[in-house]
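Engineer:
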Amino acid sequence: MNQGSDATDSSPSENTIEWHADDMPYSTAFGDHYYSRADGRAECAHVFVNGNDLLQRWAKQQRFTIGELGFGTGLNFVETWRQWQASKINTVETDKGQLHFVSFERFPLKASDMARALVAWPALSTLSDQLVSAWPDQPTGVVRIAFDDNVSLEVHIGDALPCMQAWSGMADAWFLDGFSPARNSQMWSLELMSEIYQHTKAGGSFATYSAAGWVRRNLQAAGFIVEKRPGHTGKRDMSIGTRAL
Ligand SMILES: C[S@@+](CC[C@H](N)C(=O)[O-])C[C@H]1O[C@@H](n2cnc3c(N)ncnc32)[C@H](O)[C@@H]1O
Numbered sequence: 098m099n100q101g102s103d104a105t106d107s108s109p110s111e112n113t114i115e116w117h118a119d120d121m122p123y124s125t126a127f128g129d130h131y132y133s134r135a136d137g138r139a140e141c142a143h144v145f146v147n148g149n150d151l152l153q154r155w156a157k158q159q160r161f162t163i164g165e166l167g168f169g170t171g172l173n174f175v176e177t178w179r180q181w182q183a184s185k186i187n188t189v190e191t192d193k194g195q196l197h198f199v200s201f202e203r204f205p206l207k208a209s210d211m212a213r214a215l216v217a218w219p220a221l222s223t224l225s226d227q228l229v230s231a232w233p234d235q236p237t238g239v240v241r242i243a244f245d246d247n248v249s250l251e252v253h254i255g256d257a258l259p260c261m262q263a264w265s266g267m268a269d270a271w272f273l274d275g276f277s278p279a280r281n282s283q284m285w286s287l288e289l290m291s292e293i294y295q296h297t298k299a300g301g302s303f304a305t306y307s308a309a310g311w312v313r314r315n316l317q318a319a320g321f322i323v324e325k326r327p328g329h330t331g332k333r334d335m336s337i338g339t340r341a342l
């Protein structure tokens, strides 16, 4: 069964958030939290950074583009940025490389909501503060922010499928983070997974916390070689995959 390709009409046309335990954003429209209630930052490190083998790949590749479905609070971006910086600390090369992070977000949060969520991780505060102060009041079109010579962000505001179809870039690695497939099938449709595949460089990868059978089948049908890996806290499996060289 391929789910998600006809889910457009059932997807919400607007989103509102509630706060659980003070700093945990929850989408009332999708009925889901933005990240693991156990620890969103640890989930990002396990699922997305390690799932895409980023530390090993960054050691060999100086210019790297990450694509993401669902920018949300920016937590994945900020944690990835921190890990990228940390990975460069001991490098003797004068060229510190370039990390370009591209995300697709239909319901952008306000900077004040990002700040409220990200305060839960004091170790990220130097970077979170930079994101929050650069984030526009009314994000539209494509938000582009260059944080320094080495790290840049590009967030496409709108429904992921048409935005992706209009995007001409290619990613080395994807973070598939569009809420639970059971609650937002549109973000896991075969059509969108095929676009993701078309926007993945040869040898590139994706990672996601989902191990749902129909999601894995959509990713396989799109062209990825899909594998299971142990999931983050409380989840037996997650999925990763590659586009063959
Ligand atoms: C699980 S949250 C992402 C969490 C985020 N990566 C973070 O670090 O906070 C899923 C995101 O997908 C967005 N979203 C849901 N449906 C979408 C769609 N059709 N197109 C683009 N974004 C969508 C939601 O607004 C939400 O921000």
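In this note's numbering, the protein residues as written are 98 to 342. Glycine included, C-beta positions come from ideal geometry on N, C-alpha and C.
1. So does residue 303 have its beta carbon nearer than 6 Å to some heavy atom of ligand 1?
2. Exposed or buried, what is residue 253 when buried is set at 16 or more other beta-carbons lying within 10 Å of its beta-carbon?
3. Note down, in chain order, each residue of its chain lying with its Cβ closer than 7 Å to the Cβ of residue 266, except the 5 sequence neighbours on either side.
4. Helix, strand or coil, according to DSSP, for residue 321 in the structure here?
5. Please identify the residue among 278, 334, 301 and 328 whose C-alpha is closest to the C-alpha of residue 315.
6. Leaving out the 5 sequence neighbours to the left and right, which residues in its chain are closer than 6 Å to residue 344 when beta-carbon positions are compared?
7. Among the residues of its own chain, which have a CB less than 7 Å from the CB of residue 179, if the five just before and after it don't count?
8. By alpha-carbon positions, which one of 148, 328 and 112 ends up nearest to residue 125?
9. State the DSSP-derived secondary structure class of residue 186, mapped to helix, strand or coil.
10. For residue 103, is the classification buried or exposed, using 16 other Cβ atoms within 10 angstroms of its Cβ as the cut-off for buried?
Structural biologist: For this structure:
1. Along the sequence shown, read from residue 1 onward, the residue named residue 303 stands at position 206. No.
2. Position 156 of the sequence shown, counted from the start, is the residue given in the question as residue 253. It counts as buried.
3. Position 169 of the sequence shown, counted from the first residue, corresponds to residue 266. Excluding sequence neighbours, residue 266 sits near 162, 199 and 296.
4. As a position in the sequence shown, residue 321 is number 224, starting the count at 1. In this structure, residue 321 counts as coil in the three-state DSSP scheme.
5. Translated into the one-based positions of the sequence shown, residue 315 becomes position 218. Answer by Cα proximity: 278.
6. Residue coverage of the chain in this structure runs from 98 to 342, which leaves residue 344 outside it and unanswerable.
7. Taking the first residue of the sequence shown as 1, we reach residue 179 at position 82. Excluding sequence neighbours, residue 179 sits near 221 and 224.
8. Here the question's residue 125 lines up with position 28 in the sequence shown. If we check each option's Cα against that of residue 125, 112 comes out closest.
9. For the purposes of this step, residue 186 is taken as the residue at position 89 of the sequence shown. Three-state result, residue 186: coil.
10. Position 6 of the sequence shown holds residue 103. Its pLDDT being 43, under 50, residue 103 is placed unreliably by the model, and the measurement read from it follows with that caveat. Label assigned to residue 103: exposed.
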